[in-house]
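Heads up: the structure comes next, in structure tokens.
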Amino acid sequence: VTHPARAAAFVRDEERAHWHDRALWFVRAKRDRAAAEVPEWEELRERAAMIKQHTLSRLPEYLETFEERATALGAVVHWASDARRHNEIVLEILRSRQVRRVAKSKSMLTEECGLNEHLEANGIEVTDTDLGERIVQMRHEPPSHIVLPAIHIRKEEVGELFHRELGTPEGLADPTSLTEAARQHLREKFLSAEAGITGVNFAIAETGGFVVCTNEGNADLGASLPKLHVACMGIEKLVPRAEDLAPLLRLLARSATGQPITSYTSHFHGPIEGGELHIVLVDNGRSELLASAEFQRSLRCIRCGACMNTCPVYRRSGGHSYDAVVPGPIGSILSPARDEARHASLPYACTLCGSCTDVCPVKIDLHQQLQAWRGRLTERGKVPAARRVAMRLGSAVLRRPRLYALASRMAQLFGMRWAALAGSGRAWARGRAIPGAARRSFRQQFRERRDG
Amino acid sequence: MDDRQAILTALRRARVEAVERPDPAGDWQRFADPSARFAGMLESVGGHCRTVADCAALPDALAGLPVWRDAARIVSSLAEVPGRGRAVDPADPHAAADVDVAVVPGEFAVAENGAVWVVDTSVAHRVLLFLAQHVVLVVPAGEIVDNMHDAYARLSFDTRGFGCFTSGPSKTADIEQALVIGAHGPRSLTVFLTGDGDSTTRSPRTAA
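Order-wise, the sequence lines are chains R and L.
Note that this note's numbering has the first sequence beginning at 4, numbered continuously upward.
Note that this note's numbering has the second sequence beginning at 233, numbered continuously upward.
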């Protein structure tokens, strides 16, 4: 199923689609205010991009340094080539210690690997402890956004869900009361967990430590109460030195939600007193992406979600329409790299407006990479025939000035609708009025002014 | 070939545009009155900021807080502030689940974003920072840096340990973007700045 087909289902509920659009624009506006408040914002983006790009250019040596330092601090470092290995390693750690209940904090990597399903299939109870993630977990659906997992869900729906799952009064839909109910439920889960699994926002090669950012404190509760902490990270999460975190942390929360910093920015160096810390380094397609000159810059991503909040397509089509672990502009670059056939429609879920590139804190040229994906997909014949024909037609006309003049004359005579009916133009014509062609074309006007 | 070797080999094969690691120095944001900026930022993220002359003034200042009056169990790492009820056994963090207030010294504060750097050696068990219903941090007013760059210049991580930039209480906006203070962790965070900003002010002591 393609993005347009899924998006069509989303926009059918017009009221909800508008609400979703506004909710994300609200976050985008908060980001703008936070960015404007920092005079050196552009300088920070520049530095952050350089730090990440530099790290990528020396990734093997930084990974080895990280492993050495983390091990010296008492952590156990594991390497996983792919999702399957990652899941096996985590399961083995938990199983050998007879762990039955795990409190997990947000990690897009474990989503990507399908860790929860794997652990549950092996009899381990996994509780997602980020409130948004807990909500989507109870609904048996994936997050629709990497920072705001439940952004697509109305409070009344959360109320119904909690009524069913947590026994809150029927009809209760007030966010404060619902959060309080989740608090009681999740604190019980934290207190009964035998292990904590967290993601990693940044890992520091020089020190062997890593940083986890949350607003709820859920990663810290999960990783501090039990004796066992498993941290799962993609190999691109490294920075060389602790001081490199300064620009990245100044950008991350401001870009994500417009906060100056998350409530908790925790630095873990080695295991807790008398406990164990396992760090799982995961490749799962990243080394392949790094080998691609065109798309390697996407590995700079710090998962702030700003590109989603600003994207006119994401806001109006919803995260689930991407059918990908990471939706939105960055997801539309990462996902086809993982499975070209399945995600072939994603690079087209984009108007090439470039807003994502403008807000990206690590200066990934998102819209250009999306365009590059289109080129690659076209070359490989992964594009629907109608679009291929339309593109060929368009290119034939645009390359021939006389033919172009004729075509625009036709549009003037018969109206733009005629042009919009052809090929892929149809999708653009749906749901909006196509403006009429100018009575006098640019060429006509140019000629008149030049000669007159 | 094991996974480690496979990953490193694949990464070494990749041709990546080399970029120098940027110099961390820069003309970063500074504030004429770091205390005022810190207090303003902390309030904006749902925390509270108070000022007292010194640590000896803390008991009276704390007694004025509603959460203090109602608390059944208070744990304090400060000699000047007596606890209330059972102390926390570092070997049994789960038994700290009913702590109402934890009073903990912070190492320093960051004006730019209203964060306080707190380390696990300042507290009986690190989970108190996240599990207590309310958290009170005590930071000398002279120990406020302007920005995160200056913050990291002060930090070193050469031994095992845990540290956290704490900025405000536990919070969430996961239900319809409505901000709710008190997600699973502390329902409130109050930071007391001690002294007049003179950096010779002594640091808060950790109770033995």
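Note that the Cβ used here is the ideal one computed from N, Cα and C, for glycine as well.
None of these values were measured; they are calculated from a predicted model.
In chain order, PRO332, SER335, ILE336, PRO350, CYS353, LEU355 place their CB closer than 8 Å to the CB of LEU373(R), counting only its own chain and leaving out the 5 sequence neighbours on each side. At a cut-off of 7 Å between beta carbons, ALA242(L) contacts chain R. Our two residues, PHE205(R) and ALA441(R), have alpha carbons roughly 53 Å apart in a direct line. Counting only the Cα atoms, ASP235(L) lies some 13 Å from ARG289(R). Restricted to the stretch 262 to 349 of chain R, the alpha helix (DSSP H) segments that are unbroken, complete and at least 4 residues in length are 289 to 293, 309 to 313, 315 to 320, 331 to 341, listed in chain order. Cβ neighbours of PHE69(R) within its own chain (closer than 7 Å, five residues either side excluded): ALA206, ALA208, GLY211, LEU241. When secondary structure is reduced to three states using DSSP, ASP265(L) falls in the coil class, being assigned neither helix nor strand. The continuous alpha helix (DSSP H) containing ALA37(R) extends over residues 17 to 39. Counting the other CB atoms within 10 Å of its CB gives GLY296(L) a total below 16, which places it among the exposed residues. Leaving aside the five residues that flank THR268(R) on each side, the residues in its chain whose CB is nearer than 7 Å to its CB run, in chain order, VAL214, CYS216, LEU252.
Sixteen is the threshold: since fewer than 16 other Cβ atoms of the shown chains lie within 10 Å of the Cβ of GLY384(R), the residue is exposed.
When C-alpha distances from ALA347(L) are compared across ALA311(L), PHE397(L), ARG316(L), ASP321(L), the shortest belongs to PHE397(L). For CYS116(R), the enclosing alpha helix (DSSP H) stretches over residues 111 to 116.
Scanning its chain for C-beta atoms nearer than 6 Å, with the 5 sequence neighbours on each side dropped, one finds around GLU239(R) the residues ARG289, LEU302, in chain order. Excluding five sequence positions before and after HIS280(L), the CB atoms of its chain that fall closer than 6 Å to its own CB belong to THR422, given in chain order.
Listed along the chain, the chain R residues whose CB falls inside 7 Å of the CB of GLN365(L) amount to none; the nearest CB is some 10 Å away. With three or more CB-CB distances shorter than 8 Å, the stretch 264 to 273 of chain L counts as touching the stretch 327 to 347 of chain L. Pairing VAL129(R) with VAL102(R) gives a Cβ-Cβ distance that is not under 7 Å. Only residues of its own chain outside the window of five on either side were considered, and among them HIS357, VAL359 have a CB closer than 6 Å to the CB of PRO325(L), listed in chain order. CA-to-CA, the gap between SER267(L) and LEU425(L) works out to about 8 Å.
Residue pairing for ALA341(L): DSSP places it in a beta bridge opposite VAL348(L), ILE376(L).
If you look at HIS232(R), you'll find it in the beta strand (DSSP E) that goes 231 to 237. Its Cα nearest to that of GLY220(R), the residue PHE362(L) stands out among PHE362(L), ILE376(L), VAL313(L).
It is roughly 14 Å from the alpha-carbon of ARG137(R) to the alpha-carbon of HIS148(R). Distance from the Cα of ILE239(L) is smallest, within the candidate group HIS272(R), GLY308(R), MET413(R), LEU292(R), for LEU292(R). Per DSSP, the unbroken alpha helix (DSSP H) holding PHE445(R) starts and ends at 445 to 454. At a Cβ-Cβ threshold of 7 Å, LEU27(R) and ASN218(R) do not count as neighbours.
Per DSSP, LYS385(R) is not a residue of any alpha helix (DSSP H), being assigned neither H nor E. When LEU194(R), CYS116(R), ALA256(R), ALA198(R) are compared, the shortest CA-CA separation from SER399(L) is found for ALA256(R). Shown here, LEU411(L) sits in coil according to DSSP, grouped into three states, outside any helix or strand. Annotation for ARG345(R): no residue places its beta carbon closer than 7 Å to its own, counting only its chain and skipping 5 residues before and after. The C-alpha of ARG244(R) lies about 18 Å from the C-alpha of GLY237(R).
Per DSSP, the beta bridge partners of ILE200(R) are LYS107(R), VAL233(R). If only uninterrupted beta strand (DSSP E) runs of at least 3 residues are considered, those enclosed by the stretch 156 to 208 of chain R are 198 to 201, 205 to 207. About 4 Å separates the beta carbon of SER108(R) from that of ALA222(R), a gap short enough to meet the 8 Å contact definition.
Considering only LYS33(R), ASP24(R), ARG61(R), the residue with the shortest C-alpha distance to VAL248(L) is ARG61(R).
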